[in-house]
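Student:
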Amino acid sequence: MNSLKTITALFKKDLLLEIRQQYSFYGVLLYVISTIFVLYLAMGQPEDDVWNGLFWMIQLFVCVNAVAKSFLQESKGRMLYFYSIAGPVDFILSKLLFNALLMLVMSLMSLLLFLVLMGNPLRQPFQFVGLATLGGVSLSLVFTFLAAIASKAQQQAALMAILGFPIIIPQLLLLMKIATIAFSSVIQAGLGQMVLLLIGLDAMVVVLAIILFPFLWKD
Amino acid sequence: MIRKSWWKILTTVLLLYTFIAGFLIKVPHVGNLYGSIRNFFFHVPMWFGMMVLLLVSVVYAIKYLRNPTTDADIYSREYAKAGVLFGVLGLITGAIWANYTWGEAWSNDPKQLLAAIALLIYAAYFILRNSVPDLDKRAKLGAVYNVFAFAMLFPTLWIIPRMVESLHPGGKGVEGNPGMGGDSLDSVMATVFVPAILGWTLLGVWTTTLRIRFEQLKEKQPVNG
Numbered sequence: 001m002n003s004l005k006t007i008t009a010l011f012k013k014d015l016l017l018e019i020r021q022q023y024s025f026y027g028v029l030l031y032v033i034s035t036i037f038v039l040y041l042a043m044g045q046p047e048d049d050v051w052n053g054l055f056w057m058i059q060l061f062v063c064v065n066a067v068a069k070s071f072l073q074e075s076k077g078r079m080l081y082f083y084s085i086a087g088p089v090d091f092i093l094s095k096l097l098f099n100a101l102l103m104l105v106m107s108l109m110s111l112l113l114f115l116v117l118m119g120n121p122l123r124q125p126f127q128f129v130g131l132a133t134l135g136g137v138s139l140s141l142v143f144t145f146l147a148a149i150a151s152k153a154q155q156q157a158a159l160m161a162i163l164g165f166p167i168i169i170p171q172l173l174l175l176m177k178i179a180t181i182a183f184s185s186v187i188q189a190g191l192g193q194m195v196l197l198l199i200g201l202d203a204m205v206v207v208l209a210i211i212l213f214p215f216l217w218k219d
Numbered sequence: 220m221i222r223k224s225w226w227k228i229l230t231t232v233l234l235l236y237t238f239i240a241g242f243l244i245k246v247p248h249v250g251n252l253y254g255s256i257r258n259f260f261f262h263v264p265m266w267f268g269m270m271v272l273l274l275v276s277v278v279y280a281i282k283y284l285r286n287p288t289t290d291a292d293i294y295s296r297e298y299a300k301a302g303v304l305f306g307v308l309g310l311i312t313g314a315i316w317a318n319y320t321w322g323e324a325w326s327n328d329p330k331q332l333l334a335a336i337a338l339l340i341y342a343a344y345f346i347l348r349n350s351v352p353d354l355d356k357r358a359k360l361g362a363v364y365n366v367f368a369f370a371m372l373f374p375t376l377w378i379i380p381r382m383v384e385s386l387h388p389g390g391k392g393v394e395g396n397p398g399m400g401g402d403s404l405d406s407v408m409a410t411v412f413v414p415a416i417l418g419w420t421l422l423g424v425w426t427t428t429l430r431i432r433f434e435q436l437k438e439k440q441p442v443n444g
């Protein structure tokens, strides 16, 4: 149970940093609010499928911004310190957990703002809330792993977008496809299969991160 | 085996057979495909070739992670390059085919889209490599990303295409394996199709081995040589 302890300790450290500094949380929050406000000014209250598409695109950009800093903020010296006190698997798991939580909050915030500003086309709001949580977590998992890769290269922030956008397309396509159910009162066939596939993708990303991160870790 | 010549002769013979027999045999009459069904011997083997080459690439990436050697890195990189080349050729041959049978070269068919996405993911592999100046680090990051990119082929090429409706054979509501052309692969077609897959794949391997030897020579040269 030693690794569980380490994970919680690292997770707590990220959470505490967030609460004390409050810089990145409000930074991303402001980003969310201003983007959605600009969208509102530009589009007013759009059609269902435009609403859906915009929502997931905003999620994508919020995720890049929120998750990118998770590895960039750690200086070389601090990484060395973590290296001496924790294993790589504990470290990446704590990061995955923390980013999933951060993205969860951001997804729900942006959903709320979307509902307030861009109108409410949702026929089945509860399913969409569930999907937004799942989607936010899925995006954060992929981008956390990519941030870990990008943090070892130069021009980290730009590289993350370059690596991330092609990789995230299958997930985004799935999410948008599943999300259409929330706009109609008819239940679509093959829905459970798609949700399962999405969860399977998430599981694959987590497993890959656990297997591959130890190689990135030692420098 | 790599330096032996029998498999290079075999490649040449198989490809000659593919071109000659592929254009001469009597093909079945399927829907509105008419003679364009002969593209089956060129378009589909490209994807088989791509999958084999990318598989070899990821095997060498894993080998590199277990035991870092320059050779494993060169193998992994060059096989990935050849795999992407085959993928691009697959897209182009497909687009030409689609132009005649579906009326337009690109019709946002799920299989077209996802294949393009898979290639974009691999394109990011080369961008990532070039963005790292340190050679060891470049090889290591490249190997890690290569494994990840290969894992992304499962949803993009092998799972999602079978779940959605498509103009291609295979997929939701259509019988058959997307790679095998469904019912239209009769025994006459198979006599050309199987050698074609083998021939094109071997050609990919042959090209890659030449590239690898070239890169290994460059590696041995002095820096400014």
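Protein sequence lines, in the order shown, are assigned to chains L and S. Per our numbering, the very first residue in the first sequence carries number 1; after that it's consecutive. Per our numbering, the very first residue in the second sequence carries number 220; after that it's consecutive. Glycine is no exception: its CB is placed at the ideal position from the N, C-alpha and C atoms. Quick caveat, the model's predicted, so the values are computed rather than measured.
Less than 8 Å between CB atoms is the rule here; does Gly444 of chain S satisfy it with respect to chain L?
Tutor: Reading the second sequence from its first residue, position 225 is the one you call residue 444 of chain S. For Gly444 of chain S, the pLDDT reaches just 49, beneath the cut-off of 50, and the residue's location in the model is therefore unreliable, although a value from the coordinates is still provided. No - not a single Cβ of chain L is within 8 Å of the one on Gly444 of chain S.
Student: Using beta carbons (cut-off 8 Å, strictly below), is Leu386 of chain S in contact with chain L?
Tutor: Along the second sequence, one-based indexing puts residue 386 of chain S at 167. No, because no Cβ of chain L sits closer than 8 Å to the Cβ of Leu386 of chain S.
Student: Given that a residue counts as buried once 16 or more other Cβ atoms are within 10 Å of its Cβ, and exposed if not, what is Val303 of chain S?
Tutor: In the second sequence, counting from the first residue as 1, residue 303 of chain S sits at position 84. Result: buried.
Student: Going by alpha carbons, who is nearest to Val142 of chain L out of L:Phe215, L:Val129 and L:Leu172?
Tutor: Within the first sequence, numbered from 1, the residue matching residue 142 of chain L stands at position 142. The residue with the shortest Cα to Cα distance from Val142 of chain L is L:Leu172.
Student: Write down the C-beta distance between Ile378 of chain S and Leu72 of chain L rounded to the nearest angstrom, noting that I regard them as a contact closer than 8 Å.
Tutor: Numbered from 1 along the second sequence, position 159 holds the residue referred to as residue 378 of chain S. Numbered from 1 along the first sequence, position 72 holds the residue referred to as residue 72 of chain L. Not confirmed; about 33 Å, so no contact.
Student: Can you list the residues of chain L that Val351 of chain S reaches, using a CB-CB cut of under 9 Å?
Tutor: One-based indexing of the second sequence puts residue 351 of chain S at position 132. By Cβ distance, chain L contributes Lys152, Ala153 and Gln154.
Student: Taking only beta-carbon positions, decide if Lys356 of chain S is within less than 8 Å of chain L.
Tutor: One-based indexing of the second sequence puts residue 356 of chain S at position 137. Taking Cβ atoms only, chain L reaches closer than 8 Å to Lys356 of chain S, which makes this a yes.
Student: In terms of residues, what are the limits of the alpha helix (DSSP H) holding Leu16 of chain L?
Tutor: On the first sequence, residue 16 of chain L is found 16 positions in, with the first residue counted as 1. That run of the alpha helix (DSSP H) goes Asn2 to Gln21.
Student: Which bits of chain S does Phe71 of chain L rub up against, with CB to CB less than 7 Å?
Tutor: Walking along the first sequence from the start, residue 71 of chain L turns up at place 71. Here the premise fails: no neighbours, minimum Cβ distance about 13 Å.
Student: In or out: Tyr26 of chain L buried (at least 16 other Cβ within 10 Å) or exposed?
Tutor: Counting from one through the first sequence, the residue named residue 26 of chain L turns up at place 26. When all chains shown are included, Tyr26 of chain L counts as exposed.
Student: Helix, strand or coil, according to DSSP, for Gly444 of chain S in the structure here?
Tutor: In the second sequence, residue 444 of chain S corresponds to position 225, counting from 1. Any reading at Gly444 of chain S must be qualified, since the residue scores a pLDDT of 49, below 50, and its modelled position is unreliable; the value itself is stated next. DSSP places Gly444 of chain S in coil when its eight states are reduced to three.
Student: Let's test the definition: count the other Cβ atoms within 10 Å of the Cβ of Glu384 of chain S and tell me whether it reaches 16, buried, or not, exposed.
Tutor: For the purposes of this step, residue 384 of chain S is identified with residue 165 of the second sequence, where counting begins at 1. Burial call: exposed.
Student: With 8 Å as the threshold, decide whether the Cβ of Ile340 of chain S is near any Cβ in chain L.
Tutor: Locating residue 340 of chain S in the second sequence gives position 121, counting from the first residue. Yes, because at least one Cβ of chain L sits closer than 8 Å to the Cβ of Ile340 of chain S.
Student: For the alpha helix (DSSP H) containing His387 of chain S, name the first residue and the last one.
Tutor: Within the second sequence, residue 387 of chain S is the residue found at index 168, counting from 1. Unbroken run through His387 of chain S: none, as it is neither H nor E.
Student: So which residues of chain S does Ile149 of chain L contact, with C-beta pairs closer than 9 Å?
Tutor: Taking the first residue of the first sequence as 1, we reach residue 149 of chain L at position 149. Within 9 Å Cβ-Cβ: Leu347, Leu360, Val363, Tyr364 and Phe367.
Student: Identify whether Asp49 of chain L lies in helix, strand or coil by the three-state DSSP scheme.
Tutor: By one-based count along the first sequence, residue 49 of chain L stands at place 49. In the structure shown, Asp49 of chain L sits in a helix (DSSP, three-state: H, G or I).
Student: Using a C-beta to C-beta distance shorter than 9 Å, which residues of chain L count as neighbours of Thr375 of chain S?
Tutor: Indexing the second sequence from 1 puts residue 375 of chain S at position 156. Ordered by position in chain L, the residues that pass the 9 Å Cβ test against Thr375 of chain S are Ile169 and Pro170.
Student: Measuring only the C-alpha atoms, how far is Gly444 of chain S from Arg296 of chain S?
Tutor: Looking up residue 444 of chain S in the second sequence gives position 225. Looking up residue 296 of chain S in the second sequence gives position 77. For Gly444 of chain S, the predicted structure reports a pLDDT of 49, less than 50, and the residue's modelled location is therefore unreliable. The matter cannot be settled from this model.
Student: What separation, rounded to the nearest whole angstrom, lies between the Cα atoms of Gln37 of chain L and Leu117 of chain L?
Tutor: For the purposes of this step, residue 37 of chain L is taken as the residue at position 37 of the first sequence. For the purposes of this step, residue 117 of chain L is taken as the residue at position 117 of the first sequence. Sequence check: residue 37 of chain L is Phe here, not Gln. About 7 Å.
Student: Let me check understanding here. Comparing Cα to Cα, which of S:Ala301, S:Ile293, S:Lys245 and S:Arg285 lies closest to Phe267 of chain S?
Tutor: One-based indexing of the second sequence puts residue 267 of chain S at position 48. Of S:Ala301, S:Ile293, S:Lys245 and S:Arg285, the residue nearest in Cα terms is S:Ala301.
Student: Measure the beta-carbon distance from Thr230 of chain S to Leu422 of chain S and round it to whole angstroms, keeping in mind my assumption that it falls under 8 Å.
Tutor: Here the question's residue 230 of chain S lines up with position 11 in the second sequence. Here the question's residue 422 of chain S lines up with position 203 in the second sequence. At roughly 5 Å, the Cβ-Cβ gap stays under 8 Å, so Thr230 of chain S and Leu422 of chain S are in contact.
Student: Quick check: the Cα distance between Val28 of chain L and Gln59 of chain L, rounded to an integer number of angstroms?
Tutor: For this step, residue 28 of chain L is matched to residue 28 along the first sequence. For this step, residue 59 of chain L is matched to residue 59 along the first sequence. Rounded to the nearest angstrom, the two C-alpha atoms are 11 Å apart.
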